[in-house]
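A.B. asks: I'd like to ask you about the structure that follows.
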Amino acid sequence: MNDIVGNPTPPGLAAWALDDELHFSSAEEPPSFAAAEQDESWRQAMLEEMSSIQENQTWELVDPPANCRPIGLKWVYKVKRDERGEVVRHKARLVARGFVQREGIDFEEVFAPVARMESVRLVLALAATRGWNVHHMDVKSAFLNGELKEVFVKQPPGFVVAGQEHKVLRLRKALYGLWQAPRAWNVKLDESLTRLGLAKCETEHALYTRQAERGQLVVGVYVDDLVVTGTSEQDIVAFKEMKKLFRMSDLGLLTYYFGIEVEQGTDSHHPLPERLRAETARAERHGGLQGKQNADGGEDQAKQGEHGGKGYISRFMEDPREDHLTAVKHLLRYVAGTLDYGIVYPRRGERKAELIGYSDSDMGGDVDGRKSTSGLIFFLGKCPISWQSQKQRIVALSTCEAEYVAAATACCQGVWLRRLLQEITGEDHRAPVLRVDNKSAIELAKNPVLHDRSKHIDIRFHFIRDCVNGGRIVLGYVETGQQLADILTKPLGQKRLVQLMVKIGVEEKQA
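Straight run, no breaks: the sequence shown in our numbering ends on number 548.
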């Protein structure tokens, strides 16, 4: 292998020290360079990373300038697994110790946009409703493509050039770990996509679109992963020539992205939640908690941290009780019993599916603070693309107020989704219909007159009135029995839960 700067006889990984006291499986991630250099899989992964850096002309070896404080480098190791948990790749990443950098001196801007989950689902739903295929591409060593100013780093462990140990590496392009690396890569990618004729969406900066003679092309970006879909397969194939600009992997039809499993069939897309595995005594397919938890969940305390990541229950992690731990076990059994469930996006070949939303709220469901919970869900045609369950920040004094606050939150989401949909498709779409099961809340949104029970409502929630009067949202009444957002606001019995799961498109994946 050539030297990292083009000089002969690189030391590279020529001699590998063996230490009988260090043992680990190649399916595990080694804790250090000393441990990784003993395993052939990890040695090869490091050589591939160095080869990528060389091909990219990331740096050059120079004498350290005056007052130079070079940044150290370290190796980070990651085992890549597929959706079944099997090892598919050993990945070694050379990372800069960017924590020594100082803002305003070593870097300025660091922000880089990434796609929101709702945007990803919207693209998948749009592809399903119009019968498009969704492809996946991955940029290898993406951050190495970002261009930098004067940044110096030390030579990497295992690849120090013999006889030139005192020299440093001046970076031409970014490395992982630098504060400015994400921003530099995003700027480079944005310039490349723009040159290919794609325009960035103003509503979602991680989405790019292009209107061509054969139809639309949509590209979603999440750091180094690109999702590509559109009307014409020819346009998608032509876009994949982007491999000439960057080292990329063509992963074919999308199967896994952003924590979502995707199965593309002839009749539908099946976005499945990421596989979760839990050691549970038994599995339950249906059923929720038969009552909301409170801070006084029994006299016996549970160990802290045992249920810290379980959403609603995590609110009580500072002082967990046995009842809370029981609820966590119940949830884990439910997860274990629904691993094969997913949301089905039917392939309908519709030209213009429209947005429809549902907004709901309980009343004082939080037994500790007496706050209500807002729930919303939006569909593109028959495909659910955005949902939310969130405790309100105020204490509502009436059911009308709780429903009005929930509708105002849903209104904001609906206006944004419509604007994004119009940018992606280049078409005009009707204002989303928001269905609420409280007639008083609907009248309050249409009527500017303040009543005794509503005059105290914060002015920020009256944003919904402007949207209704301006035609950006349409409020409609729905019976409580048909309120699909009900599943997001309160515990439900098995029969009601199953009914709502079917209506929002949750199905068990067939073997």
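Where a beta carbon is used, it is the ideal one built from N, C-alpha and C, also for glycine.
When you compare the stretch 95–111 with the stretch 149–156, are there three or more beta-carbon pairs, one atom per stretch, that lie closer than 8 Å?
C.D. replies: Cβ pair count under 8 Å is below three, so no.
A.B. asks: Kindly give me the distance between the Cβ atoms of residue 220 and residue 94, rounded to whole angstroms, as I take these residues to be in contact under 8 Å.
C.D. replies: That pair is no contact at about 20 Å.
A.B. asks: State the Cα-Cα distance for the pair residue 384 and residue 171, rounded to the nearest angstrom.
C.D. replies: The alpha-carbon of residue 384 is positioned some 12 Å away from that of residue 171.
A.B. asks: Which residue from 182, 254, 199, 217 puts its Cα closest to that of residue 270?
C.D. replies: Closest option to residue 270, Cα to Cα, is 254.
A.B. asks: What residue from 129, 108, 111 has the CA that sits closest to residue 117's CA?
C.D. replies: The option with the nearest alpha carbon to residue 117 is 129.
A.B. asks: Measuring straight from C-alpha to C-alpha, what distance separates residue 476 and residue 137?
C.D. replies: 58 Å
A.B. asks: I want to know whether the stretch 506–513 touches the stretch 447–460 - three or more CB-CB distances under 8 Å.
C.D. replies: yes
A.B. asks: Does DSSP classify residue 521 as helix, strand or coil?
C.D. replies: helix
A.B. asks: Return the CA-CA distance between residue 416 and residue 375, expressed in angstroms with no decimal places.
C.D. replies: 22 Å
A.B. asks: Please go through the same chain and pick out, in chain order, the residues whose beta-carbon is closer than 8 Å to the beta-carbon of residue 273, but skip the five residues on each side of it.
C.D. replies: So the list reads 170, 172, 254, 265, 266, 267, once near-sequence residues are dropped.
A.B. asks: Which residues share a DSSP beta bridge with residue 249?
C.D. replies: 252
A.B. asks: Give a yes or no on whether the C-beta atoms belonging to residue 425 and residue 414 are separated by under 9 Å.
C.D. replies: yes
A.B. asks: Quick check: what's the CA-CA separation for residue 456 versus residue 182?
C.D. replies: 32 Å
A.B. asks: Return the bridge partner residues of residue 410 from the DSSP annotation.
C.D. replies: 428
A.B. asks: So, under 8 Å CB-CB, residue 286 and residue 175 are touching, yes? Tell me the CB distance rounded to an integer number of Å.
C.D. replies: 5 Å
A.B. asks: Leaving out five residues before and five after residue 259 in sequence, what residues of the same chain have Cβ atoms less than 6 Å from its Cβ?
C.D. replies: 151, 152, 295.
A.B. asks: Determine whether the beta carbon atoms of residue 276 and residue 256 lie at a separation below 9 Å.
C.D. replies: yes
A.B. asks: Look at the Cβ atom of residue 179, then the Cβ atom of residue 261, and state whether they are nearer than 9 Å.
C.D. replies: yes
A.B. asks: Can you say whether residue 199 is buried or exposed, counting buried as having 16 or more other CB atoms within 10 angstroms of its CB?
C.D. replies: exposed
A.B. asks: Is residue 517 near the ligand PLP, in the sense that its beta carbon is under 8 Å from a heavy atom of that ligand?
C.D. replies: Among the components modelled here there is no ligand, and therefore nothing to report on the ligand PLP.
A.B. asks: Tell me whether residue 169 sits in a helix, a strand or coil according to DSSP, three-state version.
C.D. replies: coil
A.B. asks: Which same chain residues end up closer than 7 Å to residue 218 when comparing Cβ atoms and leaving out the 5 residues on each side of it in sequence?
C.D. replies: 180, 183, 211, 212
A.B. asks: Between the alpha carbons of residue 312 and residue 544, how many angstroms are there, rounded?
C.D. replies: Only weak support is given to the placement of residue 312: the predicted model assigns it a pLDDT of 37, under 50, and the question is left unresolved by the model.
A.B. asks: Give a yes or no on whether the C-beta atoms belonging to residue 124 and residue 110 are separated by under 9 Å.
C.D. replies: no
A.B. asks: Straight-line CA distance for residue 534 to residue 189?
C.D. replies: 58 Å
A.B. asks: Smallest Cα separation from residue 468: which of 444, 177, 439, 391?
C.D. replies: 391
A.B. asks: Report yes or no: do the stretch 457–464 and the stretch 234–252 share at least 3 C-beta pairs separated by less than 8 Å?
C.D. replies: Using a Cβ-Cβ distance cut-off of 8 Å, the stretch 457–464 and the stretch 234–252 are in contact, since at least three pairs of beta carbons, one from each stretch, lie closer than that value.
A.B. asks: DSSP state of residue 354, grouped into three classes?
C.D. replies: coil
A.B. asks: Considering only residues of the same chain and omitting the five flanking positions on each side of residue 156, which have a CB-CB separation below 8 Å?
C.D. replies: 241, 243, 244, 257, 457
A.B. asks: Flag this pair as yes or no: are the beta carbons of residue 473 and residue 396 separated by less than 9 Å?
C.D. replies: yes
A.B. asks: Please identify the residue among 127, 514, 113, 423 whose C-alpha is closest to the C-alpha of residue 1.
C.D. replies: For residue 1 there is no data in the structure shown, the boundaries of the chain being 38 and 548.
A.B. asks: How big is the Cα-Cα spacing for residue 537 and residue 524?
C.D. replies: Cα-Cα distance, rounded: 7 Å.
A.B. asks: What did DSSP end up calling residue 538 once you bin it into helix, strand or coil?
C.D. replies: Helix at residue 538.
A.B. asks: For the beta strand (DSSP E) that contains residue 133, what are its first and last residues?
C.D. replies: 124–133
A.B. asks: In the DSSP assignment, find the alpha helix (DSSP H) that holds residue 435 and state where it starts and stops.
C.D. replies: No alpha helix (DSSP H) holds residue 435; DSSP gives it neither H nor E.
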